[in-house]
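Quick note: the sequence shown, position 184, residue 184 per UniProt numbering, numbers continuous.
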Amino acid sequence: PIPYTLYPIPYTLYLEGGGGDESLRAIEMEVALMKRLTHPNIVSYIGTERTDEGMLNIFMEFVPGGSIANLLQKFGSFSEKVMRVYTRQILLGLEYLHRHQIMHRDIKGANILVDNAGVVKLADFGASKRLAEMVTMEGGHKSIKGTPYWMAPEVIKQTGHGRQADIWSVGCTILEMATGKPPWSEFGSQVSALFHIASSKGPPPMPDFLSPEAHDFLLLCFNRVPKDRPNATRLLQHPFVAVAAGTSPPPSHHHGHHHPPRPPSGRSLHGEGYPEAPDTSPSMPTT
Numbered sequence: 001p002i003p004y005t006l007y008p009i010p011y012t013l014y015l016e017g018g019g020g021d022e023s024l025r026a027i028e029m030e031v032a033l034m035k036r037l038t039h040p041n042i043v044s045y046i047g048t049e050r051t052d053e054g055m056l057n058i059f060m061e062f063v064p065g066g067s068i069a070n071l072l073q074k075f076g077s078f079s080e081k082v083m084r085v086y087t088r089q090i091l092l093g094l095e096y097l098h099r100h101q102i103m104h105r106d107i108k109g110a111n112i113l114v115d116n117a118g119v120v121k122l123a124d125f126g127a128s129k130r131l132a133e134m135v136t137m138e139g140g141h142k143s144i145k146g147t148p149y150w151m152a153p154e155v156i157k158q159t160g161h162g163r164q165a166d167i168w169s170v171g172c173t174i175l176e177m178a179t180g181k182p183p184w185s186e187f188g189s190q191v192s193a194l195f196h197i198a199s200s201k202g203p204p205p206m207p208d209f210l211s212p213e214a215h216d217f218l219l220l221c222f223n224r225v226p227k228d229r230p231n232a233t234r235l236l237q238h239p240f241v242a243v244a245a246g247t248s249p250p251p252s253h254h255h256g257h258h259h260p261p262r263p264p265s266g267r268s269l270h271g272e273g274y275p276e277a278p279d280t281s282p283s284m285p286t287t
């Protein structure tokens, strides 16, 4: 049998909140469509099942190894060489999703898994994301759940957003890999961070130990005009990721950039209800 991860969603909460059964059928149809998506850098959908206990189970590919957020928590910030390798794979997965008219909408370290061979896979997109949002209704209104630090300004301002918002979040994830924490986190409260993301004119603060290529790449991701942000296909041509398997960048003076050879085993993604991964701790990429 194929190892899988189970997303149990209490759909009765959604129905009690005024949602209709047709919406759940739409989710099930979406999963059926997403089962056709196959790419090495996205987590595969396997199927759905409704239970007598009022749960809708979404079955997805199980990725042993853990998330980028797990790795950062255990080992600290990544070397730029590792960041280049991971960013390139994130963009390849995103390019595939965008080509199929799917916005990820929640790119961040916790939603990017790394398997035991060092392959990066985007998780928590599409139907699983949408259904989770449906059941987080409070008083009939959807509330923003999770942290705002990776959100594009146009998402916060609700001025309408598209796939370009994912590109902003890629930039935020690169800063997360470089520093071990998301951008704007220095503002303390989420409300303060939301205000700064929405109202400031430039990019978030960037560490000075990053290479010129990394700085240039991030400035493209953090363009305040969504339509002027390059898409994933264009970003894949950028020197920051185009030479991901080439020569290593100059050594950094940043003390946090020694990366150990063994990422963690154990719970993947959010940690709740996930089976323990086998202890086959992978090596970090060295090229």
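We put the beta carbon where it would ideally sit given N, CA and C, even for glycine. Please read all numbers here as calculations on a predicted model, not as lab measurements.
Put Leu56 into one of helix, strand or coil per three-state DSSP. Position 56 of the sequence shown holds residue 56. Look at Leu56 here: in three-state DSSP terms it is strand.
At which residue ranges does the region 46-109 contain complete beta strand (DSSP E) runs of 3 or more residues, listed in the order of the chain? 55-61, all fully within the region 46-109.
Within 7 Å, strictly: CB atoms of Ser77 and Thr179: Counting from one through the sequence shown, the residue named residue 77 turns up at place 77. Counting from one through the sequence shown, the residue named residue 179 turns up at place 179. Using a Cβ distance threshold of 7 Å, Ser77 and Thr179 count as a contacting pair.
Beta-carbon gap between Gln73 and Val120 smaller than 7 Å: Against the sequence shown, residue 73 aligns to sequence position 73. Against the sequence shown, residue 120 aligns to sequence position 120. No, they are not a contact pair.
Might you give, ordered along the chain, the residues of its own chain that have their beta carbon closer than 8 Å to the beta carbon of Ser185, omitting 5 neighbours on each side? Along the sequence shown, one-based indexing puts residue 185 at 185. Around Ser185: Tyr149, Ala193.
Quick one, are the C-beta atoms of Asp21 and Leu94 less than 7 Å apart? Locating residue 21 in the sequence shown gives position 21, counting from the first residue. Locating residue 94 in the sequence shown gives position 94, counting from the first residue. Cβ atoms of Asp21 and Leu94: not closer than 7 Å.
If we ignore side chains and look at the alpha-carbon of each, how far apart do Leu218 and Asp228 end up? Here residue 218 is taken as the residue at index 218 of the sequence shown, counted from 1. Here residue 228 is taken as the residue at index 228 of the sequence shown, counted from 1. Going by the C-alpha atoms only, they are around 13 Å apart.
Under 7 Å between C-beta atoms of residue 290 and Ile197: Any question about residue 290 goes unanswered here, given that the chain covers just 1 to 287.
Counting only beta-carbon separations shorter than 7 Å, does Thr87 have a partner in chain C? Included in the structure is just one protein chain, with no chain C present.
How about His98 and Arg36: are their beta carbons less than 7 Å apart? Here the question's residue 98 lines up with position 98 in the sequence shown. Here the question's residue 36 lines up with position 36 in the sequence shown. Judged by beta-carbon spacing, Arg36 lies beyond the 7 Å limit of His98, meaning their Cβ atoms are not closer than that value.
Could you tell me the alpha carbon to alpha carbon distance between Met206 and Val241, rounded to whole angstroms? Position 206 of the sequence shown holds residue 206. Position 241 of the sequence shown holds residue 241. Pairing Met206 with Val241, the inter-Cα distance amounts to about 18 Å.
Residues near Glu28 by beta carbon distance below 6 Å, same chain, minus five either side: As a position in the sequence shown, residue 28 is number 28, starting the count at 1. Only Thr48 meet the Cβ criterion.
N- and C-terminal bounds of the beta strand (DSSP E) containing Lys157: Position 157 of the sequence shown holds residue 157. For Lys157, there is no enclosing beta strand (DSSP E); the residue is part of the alpha helix (DSSP H) that begins and ends at 153-157.
Output the boundary residues of the alpha helix (DSSP H) element that contains Leu236. Counting from one through the sequence shown, the residue named residue 236 turns up at place 236. No alpha helix (DSSP H) contains Leu236, which DSSP labels as neither H nor E.
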